[in-house]
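Note sheet for the following structure.
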Amino acid sequence: MLVSVLNGFAIGFLLFVLAVGLSLVFGMMDVLNLAHGALFLGGAYVGAALAGSWDGFLAALGIAAAAGLAAGVVLSLLTEPLRRRSHLDQALLTLGIALVAGELLLIVFGDDPLSVAAPPGLDGSVVVLGVPYPTYRLALIAVGALLALVVYAVVERTTVGALVRATVADRDMVAAIGVDNRLVKVAVFAVGSLLATTAGVLGGPIYGARPGLDATVLILALVVVVIGGLGSVRGALAGSLLIGQVESVGRALLPNLASFALFGALALVLVVRPRGLFGARA
Amino acid sequence: MITDQTLTRRRLLRLFGAAATLPVVSACGSSVGGGSGAGGGGGGGGTVKVGLVIPQSGVYAALGTDMQRAWDLWLEQHGSKLGDRTVQTVVADEGETPQTGVPAVQKVLQSAQVDVVVGIVNSATALGVRDVLAEAKKLLVVSNAGAADVTGKSRTPYIWRTSFVNGQISAAMGTHLAQSGFREGVYAIAPDYAAGTEVIAAFTKAFEAGGGKVVGQAKPPFGKTSDYQPFLTGIRASGAKATFCFFSGSEAIAFVRQYAQFGLAGTIPLYGSGFLTEGSVLPQQGDAALNVQTTLHYSDQLDNPNNRKFVEAFRAKYGAAPSCFSVQTYDAGNVLDRALRTAKSLDGDALAAALGGIGTIDDSPRGLWSFDGQSPRQNLYLRKVERRGDTLVNAIVKDLGPQQSQPA
Numbered sequence: 000m001l002v003s004v005l006n007g008f009a010i011g012f013l014l015f016v017l018a019v020g021l022s023l024v025f026g027m028m029d030v031l032n033l034a035h036g037a038l039f040l041g042g043a044y045v046g047a048a049l050a051g052s053w054d055g056f057l058a059a060l061g062i063a064a065a066a067g068l069a070a071g072v073v074l075s076l077l078t079e080p081l082r083r084r085s086h087l088d089q090a091l092l093t094l095g096i097a098l099v100a101g102e103l104l105l106i107v108f109g110d111d112p113l114s115v116a117a118p119p120g121l122d123g124s125v126v127v128l129g130v131p132y133p134t135y136r137l138a139l140i141a142v143g144a145l146l147a148l149v150v151y152a153v154v155e156r157t158t159v160g161a162l163v164r165a166t167v168a169d170r171d172m173v174a175a176i177g178v179d180n181r182l183v184k185v186a187v188f189a190v191g192s193l194l195a196t197t198a199g200v201l202g203g204p205i206y207g208a209r210p211g212l213d214a215t216v217l218i219l220a221l222v223v224v225v226i227g228g229l230g231s232v233r234g235a236l237a238g239s240l241l242i243g244q245v246e247s248v249g250r251a252l253l254p255n256l257a258s259f260a261l262f263g264a265l266a267l268v269l270v271v272r273p274r275g276l277f278g279a280r281a
Numbered sequence: 000m001i002t003d004q005t006l007t008r009r010r011l012l013r014l015f016g017a018a019a020t021l022p023v024v025s026a027c028g029s030s031v032g033g034g035s036g037a038g039g040g041g042g043g044g045g046t047v048k049v050g051l052v053i054p055q056s057g058v059y060a061a062l063g064t065d066m067q068r069a070w071d072l073w074l075e076q077h078g079s080k081l082g083d084r085t086v087q088t089v090v091a092d093e094g095e096t097p098q099t100g101v102p103a104v105q106k107v108l109q110s111a112q113v114d115v116v117v118g119i120v121n122s123a124t125a126l127g128v129r130d131v132l133a134e135a136k137k138l139l140v141v142s143n144a145g146a147a148d149v150t151g152k153s154r155t156p157y158i159w160r161t162s163f164v165n166g167q168i169s170a171a172m173g174t175h176l177a178q179s180g181f182r183e184g185v186y187a188i189a190p191d192y193a194a195g196t197e198v199i200a201a202f203t204k205a206f207e208a209g210g211g212k213v214v215g216q217a218k219p220p221f222g223k224t225s226d227y228q229p230f231l232t233g234i235r236a237s238g239a240k241a242t243f244c245f246f247s248g249s250e251a252i253a254f255v256r257q258y259a260q261f262g263l264a265g266t267i268p269l270y271g272s273g274f275l276t277e278g279s280v281l282p283q284q285g286d287a288a289l290n291v292q293t294t295l296h297y298s299d300q301l302d303n304p305n306n307r308k309f310v311e312a313f314r315a316k317y318g319a320a321p322s323c324f325s326v327q328t329y330d331a332g333n334v335l336d337r338a339l340r341t342a343k344s345l346d347g348d349a350l351a352a353a354l355g356g357i358g359t360i361d362d363s364p365r366g367l368w369s370f371d372g373q374s375p376r377q378n379l380y381l382r383k384v385e386r387r388g389d390t391l392v393n394a395i396v397k398d399l400g401p402q403q404s405q406p407a
């Protein structure tokens, strides 16, 4: 049981790192970025290609972060002409990008599912309260919690964060006081994408890298965003940790109902709090 | 003069153009003629056209490589001949699913007009091409796909198999575990697809027949599970004395690694069907795979003269150890060679009749085997992952003796 809870935290923090960018971009700019899962998968493949040593792992993190940053800027620029159009247009554009990206990854890395080794030293296990638990997952919980803390502190406690939150709340008002909110959008998009590719590298030793993983994590991230409420960092954190536990403890307790539990939680939240746990009021 | 010159140059260009198109045209002509000629000549001439349908892309691509290498090696060692006919091989990509595999078989039969098809990794593909082969009256030698139905319930005289039956391998493990002190409780886990179900069913039947008790069972979603923690927690909670599993490819890597990382390897020994630690997955599992025990009809560690020769030749040519997938395809060459010596023609009926009469194959790297129905009756070996120098190998622990093709 303890192992399941710990695992829920590992999955939860990883999901948070992935989903927070999606949530902010959607909440702030009304851009539905369906290419977010492809960013994660890109990171996972970079990790798979370089994994095995600490040098490789850190290099993968660096490369993935840089690539994520660049991809975020490009995505932001691509969606810019569509900002006044409907969600459907944006969804189509980013879905198209996701498909192209998925196909390119397939050409480069092949469609053999890759399994990724944790960096040396973290590939063993340690005993937690009498039960062996993989060291890497413990490290992931720590790193994920740290990242979550940093993102939370930046968004909730700094001037830059205030600007981001203000843009989520009322874009036109922010523009009216003289801030070019296109820049805010590019920045948030870039950082969000960076976090997504980083999550891909970090998640590699658990989830591996395979075609189709992009869609799987995108759905998880969308569930997190909907449960947590659009544009809310607190919501994304709560949603991620909740889904992490549902995925882990739920699977252990009710193995046959695991997939229902995930969407059951989603449905429940939608019925009780239609705007998500921490969503802004209408 | 000047006009003359330009004219000549133009004429020259035209000549070049014509010269360039000529070979193309003639090549088209000859390939069309050649194709039909070989197809027609296959009946009584000195050639046999073989369609090697193996995965060159997708999750099974590594298996495809092992299979193609073994096929090429067999031909190289036997002067490119099956019987006394010169072999012409047409390779097609089976891909991952029947959606790609069935068209690949149709293609080699119809466009390339092959006489015999060899290969097929995916059982659904092997089942899906049944009618295609029956209609064409051509022989298929399956060199992997292990579904019982291929040569069982959906049997056709045109499909023979040189590999194994899923349940044949796991039934042997069931009997073995029941006799080795694990009767009180074994946990069984395999992906929720046809092969996984077959493997678990045959294992459970044999294990229970030996007086054993399966204390728990799980079916992780196939191809979608990479985090096995919830299942591992279930295994620990079940109080099982041992775990029996069936995974292959990246799932085998992830499962074996996590089984060790979550500390189960030290307390609940892991057993499985041989694919768990066969071929390219073993080096990636690393030390996590140590002491995992599996049953299979082959290991490159088998100590017999035919295998030593085969492994040496394979290593010399490709710089890698052969896998069971290699041996299965190598043996497809072997049985076809024997069949073609006696067959009166290359049609499916003649070849099937000839295959039925070849008796015991005495020079296979896997040891003695024979057709029992249309699948092998063969010895299964209990293997244990051990370190030899800097590589991991499936060391032979015990010969479990000859096993019938379809478990009772």
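Listed in order, the protein sequences are those of chains A and B. First residue of the first sequence? That's 0 in numbering that gives the first Met the number 0, and the numbers climb one at a time after it. First residue of the second sequence? That's 0 in numbering that gives the first Met the number 0, and the numbers climb one at a time after it. Note that beta-carbon positions come from the ideal geometry of N, C-alpha and C, so glycine has one too.
For the candidate residues the options, whose alpha-carbon lies nearest to that of residue i?
i, options, result
"Phe39 (chain A)", "A:Gly263, A:Ser231, A:Val216 and A:Glu246", "A:Val216"
"Asp83 (chain B)", "B:Gly388, B:Ser363 and B:Ala342", "B:Ala342"
"Gly388 (chain B)", "B:Pro282, B:Val334, B:Gln292 and B:Ser169", "B:Pro282"
"Pro408 (chain B)", "B:Phe221, B:Thr46 and B:Thr99", "Residue numbering for chain B in the displayed model covers 0 to 407; residue 408 (chain B) lies beyond these limits and cannot be assessed."
"Val107 (chain A)", "A:Leu269, A:Ile176, A:Ala260 and A:Val45", "A:Val45"
"Ala240 (chain B)", "B:Val255, B:Ala251 and B:Val213", "The amino acid occupying residue 240 (chain B) in the given sequence is Lys; Ala does not appear at that position. Considering only alpha carbons, the answer is B:Val213."
"Ser325 (chain B)", "B:Val291, B:Pro304 and B:Ser279", "B:Ser279"
"Thr276 (chain B)", "B:Arg256, B:Gln260 and B:Asn306", "B:Arg256"
"Arg340 (chain B)", "B:Gly209, B:Ala60 and B:Thr85", "B:Thr85"
"Glu207 (chain B)", "B:Ala171, B:Gly63, B:Ser225 and B:Gly273", "B:Ala171"
"Val185 (chain A)", "A:Leu74, A:Leu98 and A:Asp213", "A:Leu74"
"Glu427 (chain B)", "A:Ala152, A:Ile96 and A:Pro112", "Past the boundaries of the shown model lies residue 427 (chain B); chain B is included only from 0 to 407, so the question cannot be answered."
"Leu17 (chain A)", "A:Asp169, A:Asn255, A:Gly109 and A:Ala214", "A:Ala214"
"Leu62 (chain B)", "B:Lys308, B:Val107, B:Arg376 and B:Ser162", "B:Ser162"
"Phe202 (chain B)", "B:Gly233, B:Ile234 and B:Phe245", "B:Phe245"
Output needed for residue i: all residues of its chain with C-beta closer than 7 angstroms, excluding positions within five of it in sequence on either side, in chain order.
i, result
"Thr20 (chain B)", "Residue confidence is low: Thr20 (chain B) scores 44 on pLDDT, short of 50, so the model does not pin down where it sits. No coordinate-derived value is stated."
"Arg129 (chain B)", "Ser153, Thr155 and Ile158"
"Leu104 (chain A)", "Leu40, Gly41 and Tyr44"
"Gly36 (chain B)", "Since pLDDT at Gly36 (chain B) reaches only 36, below the 50 mark, its modelled position is unreliable, and no value is offered."
"Phe230 (chain B)", "Ile188, Ala217 and Pro219"
"Ser25 (chain B)", "With a pLDDT of only 38 at Ser25 (chain B), under 50, the local geometry of the prediction cannot be trusted, and no value is derived from it."
"Ala235 (chain A)", "Phe15, Ala18, Val19, Ser22, Val223, Val224 and Gly227"
"Ser322 (chain B)", "Asp65, Glu277 and Gly278"
Going by the beta-carbon positions, is the gap between residue i and residue j smaller than 8 angstroms?
i, j, result
"Ala288 (chain B)", "Leu391 (chain B)", "yes"
"Gly195 (chain B)", "Ala189 (chain B)", "yes"
"Gly238 (chain B)", "Gly271 (chain B)", "no"
"Gln300 (chain B)", "Asn393 (chain B)", "yes"
"Ser22 (chain A)", "Pro118 (chain A)", "no"
"Gly114 (chain A)", "Ala319 (chain B)", "It should be noted that the sequence gives Ser, not Gly, for residue 114 (chain A). Not in contact: Ser114 (chain A) and Ala319 (chain B) (Cβ atoms no closer than 8 angstroms)."
"Ala50 (chain A)", "Arg136 (chain A)", "no"
"Ser79 (chain B)", "Val117 (chain B)", "no"
"Val115 (chain B)", "Val52 (chain B)", "no"
"Thr134 (chain A)", "Val125 (chain A)", "yes"
"Leu146 (chain A)", "Leu94 (chain A)", "no"
"Val101 (chain B)", "Leu335 (chain B)", "no"
In chain order, what residues of the same chain lie with their CB nearer than 6 angstroms to the CB of residue i, ignoring the 5 residues before and after it?
i, result
"Leu374 (chain B)", "One detail in the question is off: residue 374 (chain B) reads as Ser in this sequence, not Leu. Once the five neighbours on either side are set aside, the close Cβ partners of Ser374 (chain B) are Thr150, Arg160, Val164 and Ser404."
"Gly42 (chain A)", "Ala63, Thr196, Gly199 and Val200"
"Gly55 (chain A)", "Leu49"
"Gly136 (chain B)", "A small correction: the amino acid at residue 136 (chain B) is Lys; Gly does not occupy that position in the sequence shown. Within the same chain, Lys136 (chain B) has close Cβ partners Asp346 and Gly347."
"Gln301 (chain A)", "The structure shown does not extend to residue 301 (chain A), since chain A is modelled only from 0 to 281, so the question has no answer here."
On the DSSP bridge list, what partners appear for residue i?
i, result
"Glu385 (chain B)", "B:Val392"
"Phe243 (chain B)", "B:Ala187 and B:Tyr270"
"Tyr380 (chain B)", "B:Leu295 and B:Asp398"
"Gly195 (chain B)", "The partner list for Gly195 (chain B) (beta bridge, DSSP) is empty, contrary to what the question assumes."
"Thr85 (chain B)", "B:Thr46 and B:Lys80"
"Phe370 (chain B)", "B:Pro375"
"Ala208 (chain A)", "A:Leu113"
"Tyr132 (chain A)", "A:Val125"
"Gln216 (chain B)", "B:Ala187"
"Gly118 (chain B)", "B:Val52 and B:Val141"
Which residues in the same chain have their Cβ closer than 8 angstroms to the Cβ of residue i, if we skip the five residues on either side of it in sequence?
i, result
"Pro220 (chain B)", "Pro190 and Asp191"
"Gly41 (chain B)", "Bear in mind that a pLDDT of 40 at Gly41 (chain B), under 50, signals an unreliable position, so the model cannot answer this."
### Message
Check whether the region 61 to 72 of chain A and the region 186 to 196 of chain A are in contact - that is, three or more C-beta pairs closer than 8 angstroms.
### Response
yes
* Asked: Between the region 86 to 99 of chain B and the region 348 to 360 of chain B, do three or more beta carbon pairs fall short of 8 angstroms?
  -> no
So, do the region 69 to 80 of chain A and the region 204 to 216 of chain A have three or more beta carbon pairs nearer to each other than 8 angstroms?
no
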